[in-house]
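*Asks:*
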Amino acid sequence: MKKVLALVLAVLMVVTVTVAFSSCNGDDNKLVMATNAAFPPYEYKEGDSFKGIDVEIAQAIADKLGMELEIEDVDFGAVLTGVEQGKYDMGMAGITVTPDRQQKMDFSDTYATGIQVIIVKDGSAITSLDDLFNFNDDGDPVSLKNPDIKIGVQENTTGDIYSSDAIAKWGFNDLKADGSIDVDRVSRYKTGAEAVAALKSDKVDCVIIDNEPAKSFVAANDGIHILEGDNEYAIEDYAICVTKGNTELLDKINQALAELKADGTIAAIISKYIPAN
């Protein structure tokens, strides 16, 4: 069994906080959430309405806090930089915690788990991780089977972070001694849909993206499928990001998450979009 990269976050903790906080826009009754509404089933749009797991959980948090939820739809990278700069109160867009991100912003307790998977065209020569990497006896990748491989990802996502690393760390790029990219095999797109379009037009050989959006893209596009079996690229937990040092808001979000988890609200929201079967 091939090793699977994993990000492990702390379990939900109950924190009691009664201190009010000031919203980024100066309105204490408004909670501004930044998202990238092109990541179904976590966030997407139907007409002018926002839908998805993150949207409903954010609304439930706002209700707990007695606040009005306002959603800003921006590029994924702008979600992170906007929260870092204090432009938005919080970011929810299937965001995972990384050491680099932790230096720039704070994160809530986890509320959902995602798995990175690989999408390929029907009839592709890529049928498993064994078709991408040569492995050593410990199950770690040591080289690529095909040095001309091109990988498609949504920029700034977990798939981008892992894919853009060195081959020995389950990435696809050759790096120089100083860690800079020597050969870049990763093509980055604004949305997952654009990455899938690139796959269908043979601009990339496969797409690495979260499992649930991958299912939506496969259902909406003929001629592509997700690699099955022991081929998950990474397991990750999702959390809410807030401006670094905004502990008042973070504590209130964690309190709300703990209550929503305890009363079954979060489980009900997730099962609504991702049935157990």
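The sequence shown begins at 942 in the numbering used here and counts up one residue at a time. For every residue, glycine included, the Cβ atom is placed at its ideal position computed from N, Cα and C.
Per the contact definition of three or more C-beta pairs closer than 8 angstroms, is the stretch 1051–1064 in contact with the stretch 1142–1149?
*Replies:* These segments touch.
*Asks:* Express the C-alpha separation of residue 1013 and residue 888 in angstroms, rounding to a whole number.
*Replies:* Here the chain comprises residues numbered 942 to 1218, so residue 888 is not present and cannot be evaluated.
*Asks:* Which term fits residue 1236, buried or exposed, when burial requires 16 or more other beta carbons within 10 angstroms of its beta carbon?
*Replies:* For residue 1236 there is no data in the structure shown, the boundaries of the chain being 942 and 1218.
*Asks:* Using the Cβ count rule (16 or more neighbours within 10 Å means buried), how would you classify residue 1171?
*Replies:* Per the 10 Å Cβ criterion, exposed.
*Asks:* Would you check if the distance between the CB atom of residue 980 and the CB atom of residue 1035 is smaller than 7 angstroms?
*Replies:* The answer is yes: Cβ separation under 7 angstroms.
*Asks:* Buried or exposed: which applies to residue 962, given that a residue is buried once 16 or more other Cβ atoms fall within 10 Å of its Cβ?
*Replies:* At residue 962 the pLDDT is 48, less than 50, meaning the model places this residue with poor confidence; the figure from the coordinates comes in the next sentence. Buried, since its Cβ has 16 or more Cβ neighbours within 10 Å.
*Asks:* Looking only at C-alpha atoms, which of 1101, 1050 and 971 sits nearest to residue 1010?
*Replies:* Considering only alpha carbons, the answer is 971.
*Asks:* Can you list, in chain order, the stretches of the alpha helix (DSSP H) that have 4 or more residues and sit fully within the stretch 1148–1186?
*Replies:* The qualifying runs are 1152–1161.
*Asks:* So the alpha helix (DSSP H) residue 1041 belongs to, where does it begin and stop?
*Replies:* It spans 1040–1045 - the alpha helix (DSSP H) in which residue 1041 sits, taken as one unbroken run.
*Asks:* For the stretch 1115–1128 and the stretch 1172–1182, state whether three or more C-beta atom pairs, one from each stretch, are separated by less than 8 angstroms.
*Replies:* The stretch 1115–1128, when compared against the stretch 1172–1182, does not touch it at the 8 angstroms Cβ threshold.
*Asks:* For residue 980, which three-state DSSP category applies?
*Replies:* Here residue 980 sits in strand by DSSP.
*Asks:* Compare the Cα-Cα distances from residue 1008 to each of 1074, 1193 and 1211 and report the closest residue.
*Replies:* The residue with the shortest Cα to Cα distance from residue 1008 is 1193.
*Asks:* Buried or exposed, going by whether 16 or more other CB atoms sit within 10 Å of the CB of residue 1080?
*Replies:* So residue 1080 counts as exposed.
*Asks:* Is residue 962 helix, strand or coil by DSSP?
*Replies:* Any answer about residue 962 is weak, because its pLDDT of 48 lies below 50 and its placement is not dependable; what the coordinates show is given next. It is coil, neither helix nor strand.
*Asks:* Which of the three DSSP states, helix, strand or coil, is assigned to residue 1145?
*Replies:* The answer is coil: DSSP assigns residue 1145 none of H, G, I, E or B.
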